[in-house]
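Beneath this line is the structure, given in structure tokens, with notes to follow.
Chains as they are written, first to last, in the numbering used here: chain A, 245 to 489; chain B, 13 to 275.
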């Protein structure tokens with residue numbers, strides 16, 4: 245019976261974390277290029293009692309544990325903004341940004357020029373074009389980004405954005421601020437296409453998140469009532485055993 | 013339970029979003045107004061289990077990390093500096109800028125501000141001023157005897173004086189451009205100020221480089237699209253509502269937890 249309480253508890257803890265993940269998805273419903281996360285659960289078998297030949301009370305007990313959050317890398321809807329430096333990335337691609345340590349990539353295509361005319365993300369991090377960053381001279385007209393990721397001006401092409409391919413989204417590590425980190429460099433995708441003059445909205449599906457929310461809430465309260473019943477059983481057991489005399 | 017606070021950051025972000033959208037809608041008919049857009053970013057993540065951590069002696073690794081985010085933050089309210097539609101006013105001193113340039117305005121304290129609002133007027137001394145009475149830079153004085161003033165697309169101001177047949181040049185309107193227009197700070201009254209993020213202004217005559225041309229008898233309307241703003245408003249309101257549902261769910265779960273204890 246103790247086990248039943250503990251199994252219920254293990255599920256309740258994972259449900260609380262699941263709610264945290266749902267809350268983060270819902271909070272980022274309007275974050276440009278945000279990718280929602282889901283929780284993976286797995287059965288966690290109590291390592292103490294191993295053999296199935298043991299008496300019933302000593303058999304293996306299955307707990308539940310959350311072992312990871314998986315990134316849903318499906319496309320978000322595209323919102324046309326008309327800004328010449330806005331791009332929407334599609335499919336499993338990311339945009340490389342300059343960094344001093346490791347490798348950093350972003351899905352947020354809301355680009356801008358800083359005070360020196362360098363192409364940066366909305367957070368001011370330099371975007372990789374070719375091998376380095378790109379600076380546009382003051383007075384250059386018609387700066388825009390073409391559908392194949394080439395930065396162009398009225399004077400001709402200036403270089404191509406470094407768009408990389410994500411083969412396995414689980415390698416990506418959320419660093420916050422719409423930036424992902426990886427331990428290995430991702431391969432550049434020369435054939436990648438982008439949507440110019442548009443932004444990708446978050447791929448959070450509100451209906452799905454709300455249904456998950458209800459599911460988590462109901463599962464949590466049903467576990468709570470199960471534990472209450474277990475508690476009552478134990479209480480009445482104690483009372484009855486105590487009144488033997 | 014972090015969910016309560018995560019959802020609270022979501023509600024705060026949507027509140028900012030509604031504020032920005034309502035300001036855009038309020039300025040739907042403001043001359044030279046440039047719409048703003050609230051930009052969001054996800055907050056830091058707590059990694060409870062790192063991807064790539066070794067799980068067994070044989071070198072098996074965790075395939076996917078357990079990362080839990082802490083919500084959302086508003087990162088900027090960047091302005092879309094795109095061209096607004098041009099509408100005819102038939103007023104002599106109305107000029108619309110077609111291009112990237114800004115008119116230079118001298119504030120009462122001597123500082124320079126920049127504006128897209130070309131509804132100009134004359135002051136008591138016959139000098140060309142903005143609708144707030146601030147002088148434009150360089151100063152242009154219109155003689156009292158002028159019967160007609162023309163402003164050319166390249167900014168040359170000419171006046172036809174009473175009793176004369178040929179118009180004479182009385183000044184030149186200049187425009188400034190910035191490398192990063194979105195980095196300008198908003199002063200209100202349709203004015204913008206230079207910041208370190210915008211870069212220094214590049215000033216010159218209209219029609220050169222990318223400064224754009226002037227169009228007399230026209231004004232630039234706000235570049236706000238009412239339909240887009242209303243749909244953004246609906247989406248922001250729904251997002252706010254859903255975040256509040258998460259708060260409710262998190263509260264219900266906490267209350268379930270506290271009811272589990274029965275002395």
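Backbone N, C-alpha and C define an ideal beta-carbon position, used for all residues, glycine too.
- For residue 46 of chain B, no chain A residue has a C-beta closer than 8 Å to its own C-beta; the minimum C-beta separation is roughly 11 Å.
- Legend: CB atoms of the stretch 434-463 of chain A lying less than 8 Å from CB atoms of chain B belong to residues 450, 453, 454, 457, 458, 460, 461.
- Boundaries of the beta strand (DSSP E) harbouring residue 171 of chain B: 168-173, taken from the DSSP string.
- For the stretch 211-258 of chain B, the continuous beta strand (DSSP E) assignments of 3+ residues that do not extend past its boundaries occur at 214-216, 225-228, 230-232, in sequence order.
- Taken in chain order, the members of the stretch 265-284 of chain A whose beta-carbon sits within less than 9 Å of a beta-carbon on chain B are 265, 266, 267, 268, 269, 270, 271, 272, 273, 274, 275, 276, 278, 281, 283, 284.
- Distance from the CA atom of residue 430 of chain A to the CA atom of residue 263 of chain A, rounded to whole angstroms, is 32 Å.
- Nearest to residue 152 of chain B by alpha-carbon distance, out of B:128, B:175, B:224, B:182, is B:182.
- In the three-state scheme derived from DSSP, where H, G and I count as helix and E and B as strand, residue 206 of chain B is classed as coil.
- Contact with chain B is found for residue 417 of chain A, since one of that chain's Cβ atoms lies less than 8 Å from the residue's Cβ.
- Residue range 450-486 is occupied by the alpha helix (DSSP H) that includes residue 450 of chain A, with no beta strand (DSSP E) assigned at that position.
- With the rule of 3 Cβ pairs closer than 8 Å, the stretch 429-443 of chain A does not count as touching the stretch 81-88 of chain B.
- Contact check between the stretch 191-211 of chain B and the stretch 336-347 of chain A: fewer than three CB pairs, one atom from each, fall below 8 Å, which does not count as touching.
- The beta carbon of residue 155 of chain B lies closer than 8 Å to those of 138, 171, 173, 182 in the same chain, with the five residues before and after it left out.
- The C-beta of residue 399 of chain A has fewer than 16 other C-beta atoms within 10 Å across all chains shown, which makes the residue exposed.
- Here residue 211 of chain B is buried. Its C-beta has 16 or more other C-beta atoms within 10 Å.
- For the beta strand (DSSP E) assignment, the uninterrupted runs of no fewer than 3 residues enclosed by the stretch 115-202 of chain B are, from N- to C-terminal side, 124-127, 158-163, 168-173, 180-184, 187-189, 197-200.
- Residue 75 of chain B reaches chain A at 312, 414, counting residues in chain order whose Cβ is nearer than 8 Å.
- Contact between the stretch 245-265 of chain B and the stretch 55-72 of chain B is absent, with fewer than three C-beta pairs closer than 8 Å.
- Close to chain A, meaning a Cβ-Cβ distance shorter than 7 Å, are the following residues of the stretch 52-64 of chain B: 52, 53, 54, 55, 56, 57, 61, 63, 64.
- Within chain A, the residues 454, 457 have their CB atoms less than 7 Å from the CB of residue 257 of chain B, given in chain order.
- Here residue 406 of chain A carries a coil assignment [DSSP, helix/strand/coil].
- In this structure, the straight-line span from the alpha carbon of residue 55 of chain B to that of residue 417 of chain A is close to 13 Å.
- For residue 314 of chain A, the enclosing beta strand (DSSP E) starts and ends at 306-315.
- Taking a cut-off of 8 Å on C-beta distances, the stretch 231-240 of chain B touches the stretch 91-107 of chain B, as three or more cross pairs fall below it.
- Identification of chain A residues near residue 94 of chain B by a Cβ-Cβ cut-off of 8 Å yields 326, 327, ordered along the chain.
- Between residue 271 of chain A and residue 25 of chain B, the C-beta spacing is below 8 Å.
- Neighbours of residue 87 of chain B in chain A, taken as residues whose beta carbon is under 8 Å from its own, are 366, 367, 421 in chain order.
- Boundaries of the alpha helix (DSSP H) around residue 18 of chain B: 15-38.
- Spatial neighbours of residue 387 of chain A in its own chain (CB-CB distance under 6 Å, excluding positions within 5 residues in sequence) are listed in chain order as 380, 397.
- Against chain A, a Cβ distance below 9 Å from residue 14 of chain B picks out 260, 261, 263, 264, 267, 268.
- Interface residue (Cβ-Cβ distance to chain A less than 8 Å): residue 142 of chain B is not classified as such.
- Interface criterion met: the Cβ of residue 25 of chain B is under 8 Å from a Cβ in chain A.
- Look at residue 354 of chain A: its C-beta is under 8 Å from a C-beta on chain B.
- Counted as a single uninterrupted DSSP element, the stretch harbouring residue 278 of chain A is not any beta strand (DSSP E), since DSSP gives it neither H nor E.
- A Cβ of chain B is located within less than 8 Å of the beta carbon of residue 427 of chain A.
- The secondary-structure analysis by DSSP pairs residue 356 of chain A across a beta bridge with A:364.
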